[in-house]
Amino acid sequence: MLLPPFLSDQAQHVSVRGPFHLFCQATGPSGSYFVWKKNGERMKACITEQSHMLFDGRVHVLSWVKDLVSGNTEYKCSFISKAGNTTSEVHITVEDSAGQDGWTKEFDAWRSAISEHDKMMQNWQRTWESCNKKNRL
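Going by this note's numbering, the sequence shown wraps up at 214, each residue one higher than the last.
This is the structure:
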């Protein structure tokens, strides 16, 4: 089963030359990964990715980019897997610095969610590892 990425529910207005982050996460078979595109061109820099194996053999992948833009820009994150590919997209609109406060609050909320997600996945991993140790005894 492939759970698609969601990108369109994120902040869509940023300040000129102000750094911002976009996040994508999806679940699929092992070996799955993300491909990011900016205005149709594959991105290679400023991309971070984390993956966690799930107990059923699937993998949960979290990927994010940090970027700066000076004009309106389209981003796509595509989740590539042997079960199929799926893509999510967002259009970023550049606005003046007056919009910065709203974006900062949204970014803080996303950063907090990512931090909580990472802690949860680390706890799950410890639990899985302890279950595996018990099963080996």
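Cβ atoms here follow ideal geometry from the backbone N, Cα and C, with glycine treated the same way.
7 Å Cβ shell around residue i - same chain, five flanking residues per side excluded
i           : result
residue 112 : 119, 155, 157
residue 94  : 145, 147
Sequence-distant residues of the same chain with beta carbon closer than 6 Å to residue i, five excluded per side
i           : result
residue 141 : 98, 100, 125
residue 168 : 151
residue 102 : 139
Rounded C-alpha distance that separates residue i from residue j
i           : j           : result
residue 110 : residue 189 : 23 Å
residue 161 : residue 107 : 12 Å
residue 205 : residue 128 : 15 Å
residue 116 : residue 166 : 10 Å
Buried or exposed (CB count within 10 angstroms, at least 16 for buried), residue i
i           : result
residue 199 : exposed
residue 104 : buried
residue 192 : exposed
residue 135 : buried
Residue range of the beta strand (DSSP E) that includes residue i
i           : result
residue 130 : 124-130
residue 103 : 97-106
residue 162 : 161-172
Sequence-distant residues of the same chain with beta carbon closer than 8 Å to residue i, five excluded per side
i           : result
residue 176 : With a pLDDT of 49 at residue 176, under the threshold of 50, the modelled position of that residue is not reliable, and the figure given next carries that caveat. Counting only Cβ-Cβ distances below 8 Å, and skipping sequence neighbours, we find 90, 91, 92.
residue 96  : 143, 144, 145
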